[in-house]
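**Q** Take a look at the following structure, please.
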Amino acid sequence: MVNVLAATHPEGTVHGEVGDTTVPLRFSDSPEALSEEYKALRERAAALDLGGHGLIEITGPDAIAFAQRVLARDVEYLTSDRCMMSLVLDAGGSIVDQVIAFGREDGILLESSCGAGTRLLEHLRAENDEGVEITDRADLTLIGLEGPYAWGVVGRLIDGELASLPFESVAEAVWDGVDIVFARTGFTGEYGYQMIVPRQEAARLWELCLEHARPSGQEALELAMLEVRQPMPRHEASPGASVIEIGANWLVDITKETFVGREAVLEAFESGTGRATIGFTCVTGVPTPGTRLMAGEQVIGEVVHAVHSVGLGATLGLARVDRDLAAAGLDLSVGGVGATTLTSPYIVPKSWSVPII
Amino acid sequence: MTVDELRAKAAERRQTCDQIKKMIVSRLDLEIEPGWITDDQPLFGRGLELDSLDVLELYVAIEAEFGVALYDSEMAVFGSVSRLADEVDPALRAGR
Numbered sequence: 001m002v003n004v005l006a007a008t009h010p011e012g013t014v015h016g017e018v019g020d021t022t023v024p025l026r027f028s029d030s031p032e033a034l035s036e037e038y039k040a041l042r043e044r045a046a047a048l049d050l051g052g053h054g055l056i057e058i059t060g061p062d063a064i065a066f067a068q069r070v071l072a073r074d075v076e077y078l079t080s081d082r083c084m085m086s087l088v089l090d091a092g093g094s095i096v097d098q099v100i101a102f103g104r105e106d107g108i109l110l111e112s113s114c115g116a117g118t119r120l121l122e123h124l125r126a127e128n129d130e131g132v133e134i135t136d137r138a139d140l141t142l143i144g145l146e147g148p149y150a151w152g153v154v155g156r157l158i159d160g161e162l163a164s165l166p167f168e169s170v171a172e173a174v175w176d177g178v179d180i181v182f183a184r185t186g187f188t189g190e191y192g193y194q195m196i197v198p199r200q201e202a203a204r205l206w207e208l209c210l211e212h213a214r215p216s217g218q219e220a221l222e223l224a225m226l227e228v229r230q231p232m233p234r235h236e237a238s239p240g241a242s243v244i245e246i247g248a249n250w251l252v253d254i255t256k257e258t259f260v261g262r263e264a265v266l267e268a269f270e271s272g273t274g275r276a277t278i279g280f281t282c283v284t285g286v287p288t289p290g291t292r293l294m295a296g297e298q299v300i301g302e303v304v305h306a307v308h309s310v311g312l313g314a315t316l317g318l319a320r321v322d323r324d325l326a327a328a329g330l331d332l333s334v335g336g337v338g339a340t341t342l343t344s345p346y347i348v349p350k351s352w353s354v355p356i357i
Numbered sequence: 001m002t003v004d005e006l007r008a009k010a011a012e013r014r015q016t017c018d019q020i021k022k023m024i025v026s027r028l029d030l031e032i033e034p035g036w037i038t039d040d041q042p043l044f045g046r047g048l049e050l051d052s053l054d055v056l057e058l059y060v061a062i063e064a065e066f067g068v069a070l071y072d073s074e075m076a077v078f079g080s081v082s083r084l085a086d087e088v089d090p091a092l093r094a095g096r
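Going line by line, the protein sequences match chains A and B. Quick note on UniProt numbering: the first sequence kicks off at 1 and runs consecutively. Quick note on UniProt numbering: the second sequence kicks off at 1 and runs consecutively.
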């Protein structure tokens with residue numbers, strides 16, 4: 001997928017492939033870029049180019065019934081002023097994608113995770129027994145704003161009242177003469193907003209954002225997501241890993257009677273076996289996925305994903321370990337260096353103590 | 001620490017976390033099994049989607065069940081079940 005905002009990104013922007021798309025990883029090739037973009041997210045307000053997130057519309061008389069069957073959370077009464085995050089599973093209970101579902105008057109709109117739009121679209125079309133209309137809304141794209149003062153940017157750019165909408169509220173709005181769908185939602189635990197905008201207007205609206213917020217790339221966004229234990233399927237959904245092992249239960253409504261993958265998830269939950277995911281930090285280095293975690297001489301699991309956390313000033317990772325050792329506060333080793341398991345959130349979002357005024 | 005000692009330490013935290021999960025499900029009358037809540041998932045807003053009224057209810061419940069008053073605490077204590085466990089049983093606190 002061509003990034004609609006790529007032409008606006010400054011010289012030196014480091015782009016990278018994520019799934020089916022090319023995204024800005026950092027908006028500068030400076031060694032300080034990640035740190036600065038991260039600080040914008042955690043301390044002020046960051047503009048996010050979410051053009052790598054696919055938008056897929058489901059319409060038709062059976063649209064809600066179809067969405068209710070393919071989404072793991074309950075969207076039967078998802079009105080057009082609400083959105084929610086959900087997993088999409090295959091019949092074996094494996095994660096196809098993590099989506100944000102927007103209620104619409106004539107159906108539902110799904111936002112894929114970064115780079116997963118094609119995969120999600122193919123899955124939905126393969127599951128379409130109801131004959132609903134499934135449309136790739138490539139004519140739309142997404143711009144995000146997140147950070148402890150992102151509400152102020154929304155106020156300056158669009159409408160201050162929108163900034164204080166309850167979490168996961170959605171509203172139709174006009175932004176500089178353009179009809180948009182505005183949502184209060186995000187990924188980092190900070191105040192978060194998303195604007196669904198026409199593709200042909202995106203570059204102009206993005207430039208307006210940059211008058212009040214610093215752009216943050218995919219690396220800073222994913223780091224901030226990891227710090228609040230926001231699941232990231234592209235890093236965590238390794239082959240064969242169940243929702244239970246990943247710890248993404250909260251993105252599944254197991255009380256819903258039927259949905260694709262429910263039996264497999266329930267079986268994994270009731271079995272009480274398998275591994276579980278726990279956060280960790282280690283003394284030096286960033287271990288690669290697959291690096292073994294040791295308790296003394298015993299292998300107890302392996303690294304799933306790890307990065308250097310700007311907020312912690314140390315390595316932060318996720319490991320999948322034996323269930324009876326998946327607890328915070330344990331001293332282990334990874335790749336020959338000392339590691340300690342952690343309690344989430346690993347960084348407390350500043351927004352939790354900053355009121356919207 | 002030996003593996004067995006680590007397991008015992010993990011079991012202590014699990015016991016407190018399980019107690020907190022049961023309390024949350026019971027006090028807030030949730031339809032899920034307590035074990036469906038993970039130790040690390042968000043509780044407030046995202047995740048379990050607690051609101052400020054739920055949190056007030058849990059302040060009371062935590063004081064009754066654990067004898068710990070969290071009324072003046074920052075919202076961070078509701079960051080996860082495991083974080084709450086650190087608050088109600090400070091002996092567990094480590095690795096932050």
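Glycine included, every Cβ here is placed at the ideal spot set by N, Cα and C. Just so we're clear, the structure is a prediction, and the values are computed from it rather than from any experiment.
For the stretch 23-51 of chain A, enumerate the residues whose C-beta is nearer than 7 Å to any C-beta of chain B, in chain order.
**A** Listed in sequence order: no entries.
**Q** Please name the residue, chosen from M232/A, H305/A, I196/A, D253/A, that lies closest to V286/A on a Cα-to-Cα basis.
**A** Residue H305/A is the option with its Cα nearest to V286/A.
**Q** How far does the beta strand (DSSP E) with A10/B in it extend, from its first residue to its last?
**A** Careful: A10/B lies outside any beta strand (DSSP E), inside the alpha helix (DSSP H) at 3-27.
**Q** Going along chain A, which residues have a C-beta under 9 Å from residue 101/B?
**A** The structure shown does not extend to residue 101/B, since chain B spans only 1 to 96, so no value can be given for it.
**Q** Does the CB of T38/B have a neighbour CB from chain A at under 8 Å?
**A** Chain A, which has a Cβ nearer than 8 Å to the Cβ of T38/B, makes this yes.
**Q** Apart from the five residues just before and just after M195/A, which ones in its own chain have a Cβ nearer than 6 Å to its Cβ?
**A** Taken in chain order, the residues that qualify are I143, I180, F182.
**Q** Out of D97/A, S216/A, V2/A, E105/A, point me to the one whose CA is closest to V260/A's CA.
**A** Minimum Cα distance to V260/A is reached at D97/A.
**Q** Going by other Cβ atoms of all chains shown within 10 Å of its Cβ, with 16 needed for buried, is S82/B buried or exposed?
**A** By the neighbour-count rule (16 or more Cβ atoms within 10 Å), S82/B is buried.
**Q** State the beta-bridge partners of W175/A as determined by DSSP.
**A** Per DSSP, V178/A.
**Q** What does DSSP give as the partner residues of M75/B in its beta bridges?
**A** M75/B is not bridged to any residue.
**Q** Check whether the Cβ atoms of L251/A and S86/A lie closer than 8 Å to each other.
**A** For L251/A and S86/A, yes; Cβs fall inside 8 Å.
**Q** When you compare the CB of I254/A with every CB in chain B, is at least one pair closer than 8 Å?
**A** At least one chain B Cβ lies under 8 Å of I254/A.
**Q** L53/B CB to nearest chain A CB: under 8 Å?
**A** Not one chain A Cβ lies under 8 Å of L53/B.
**Q** In the DSSP output, which residue or residues are listed as bridge partners for F44/B?
**A** In DSSP, F44/B forms a bridge with L50/B.
**Q** Can you pull the chain B residues whose beta carbon is under 8 Å from the beta carbon of L221/A, in chain order?
**A** Simply none; closest approach about 16 Å.
**Q** List, in order along the chain, the chain A residues whose C-beta lies closer than 8 Å to that of G47/B?
**A** Near G47/B (Cβ distances below 8 Å), the residues of chain A are W250.
**Q** DSSP three-state label for R96/B, please.
**A** For R96/B, the pLDDT reaches just 41, beneath the cut-off of 50, and the residue's location in the model is therefore unreliable, leaving the point undetermined.
**Q** Based on the DSSP secondary-structure assignment, which residues constitute the bridge partners of H9/A?
**A** BP columns for H9/A are empty, so no partner.
**Q** Below 9 Å between beta carbons is the criterion; list the residues of the UniProt domain "Aminomethyltransferase C-terminal" (275-334) of chain A that meet it against any residue of chain B, in chain order.
**A** Listed in sequence order: A276, T277, I278, G279, F280, T281, A295, G296, E297, Q298, I300, D322, D324, L325, A326, A327, A328, G329, L330, D331, L332.
**Q** Put A47/A into one of helix, strand or coil per three-state DSSP.
**A** Residue state, collapsed to three classes: strand.
**Q** Check for me: the beta strand (DSSP E) holding T288/A runs from which residue to which?
**A** Element bounds for T288/A: n/a, residue is neither H nor E.
**Q** To the nearest angstrom, how far is the alpha carbon of residue 406/A from that of A241/A?
**A** Shown here, chain A extends from 1 to 357; a query on residue 406/A therefore has no answer.
**Q** Any chance the stretch 2-11 of chain B sits against the stretch 320-338 of chain A, with 3 or more Cβ pairs inside 8 Å?
**A** At 8 Å Cβ cutoff, the stretches touch.
**Q** So, F280/A versus A224/A, is the Cβ gap smaller than 8 Å?
**A** Contact: no.
**Q** In this structure, does DSSP put Y193/A in helix, strand or coil?
**A** Here Y193/A sits in strand by DSSP.
**Q** What are the boundary residues of the beta strand (DSSP E) that includes V334/A?
**A** 331-334 is the extent of the beta strand (DSSP E) around V334/A.
**Q** Opposite A319/A in the DSSP bridges: which residues?
**A** BP columns for A319/A point to I278/A, V303/A.
**Q** Assuming C282/A and V334/A are in contact, meaning their beta carbons sit under 8 Å apart, how far apart are those beta carbons, in whole angstroms?
**A** About 5 Å separates the two Cβ atoms, so the contact holds.
**Q** What residues from chain B crowd round V228/A, counting only those whose CB sits closer than 9 Å?
**A** Residues of chain B passing the Cβ test: P42, R46, G79.
**Q** How many Å lie between D253/A and V70/A at the Cα?
**A** Spanning the two alpha carbons is a distance of roughly 12 Å.
**Q** Using a Cβ-Cβ cut-off of less than 7 Å, list which residues of the stretch 182-214 of chain A approach chain B; keep chain order.
**A** Taking 7 Å as the Cβ-Cβ cut-off against chain B, none of the residues of the stretch 182-214 of chain A qualify.
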